[in-house]
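> One structure follows; several queries about it will come next.
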Amino acid sequence: MEKFIRLKVGSHQILHGFDKDNREIVETVTVQEYTDKIVAVNRIKSVSEKYILTDYADGRYVYWEYEGSLDDIAKRLADAGVLIG
285 MEKFIRLKVG SHQILHGFDK DNREIVETVT VQEYTDKIVA VNRIKSVSEK YILTDYADGR
345 YVYWEYEGSL DDIAKRLADA GVLIG
């Protein structure tokens, strides 16, 4: 069964790929407020103190700012049985 996590996310950066010089093509989206988002746990690539990195459509990735702390996210993932250690 697929697992999901509910997050409050805000501004984000979309990685569209790389240009001919192997530089990232990044689109920055700035928003004023956090909004609710439900994310499939298997789409999460990493979580830091400020960002949660998820995969996106067509091979893209998104760095989302999220409300809360890394410890909060880690506890919720551990409680759901999807975080080791």
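In this note's numbering, the protein residues as written are 285 to 369.
We put the CB at the ideal spot given by N, CA and C, even for glycine.
Near K321, which residues of its chain fall below 6 Å by C-beta distance, leaving aside the five closest residues on each side in sequence?
Annotation for K321: L291 and V293 place their beta carbon closer than 6 Å to its own, counting only its chain and skipping 5 residues before and after.
> Reducing DSSP to helix, strand and coil, say where I368 ends up.
Correct three-state label for I368: coil.
> What are the boundary residues of the alpha helix (DSSP H) that A362 is part of?
Following the DSSP letters along the chain, one finds A362 inside the alpha helix (DSSP H) bounded by residues L354 to D363.
> Exposed or buried, which one is I368 when buried takes at least 16 other CB atoms within 10 Å?
exposed
> Since A315 and S332 are thought to touch, with beta carbons under 8 Å apart, how far apart are those beta carbons, to the nearest angstrom?
Per the sequence shown, the amino acid found at residue 315 is Val instead of Ala. Contact flag wrong, Cβ pair sits at about 19 Å.
> Less than 8 Å between the C-beta atoms of L299 and V310, yes or no?
yes
> Indicate the three-state DSSP secondary structure (helix, strand or coil) for R290 in the structure shown.
strand
> Flag this pair as yes or no: are the beta carbons of R348 and Y335 separated by less than 8 Å?
Per the sequence shown, residue 348 should be read as Trp rather than Arg. Yes, the pair counts as a contact, with Cβ atoms nearer than the cut-off.
> Under 8 Å Cβ to Cβ from N306, same chain only, skipping five residues before and after it: list those, please.
none
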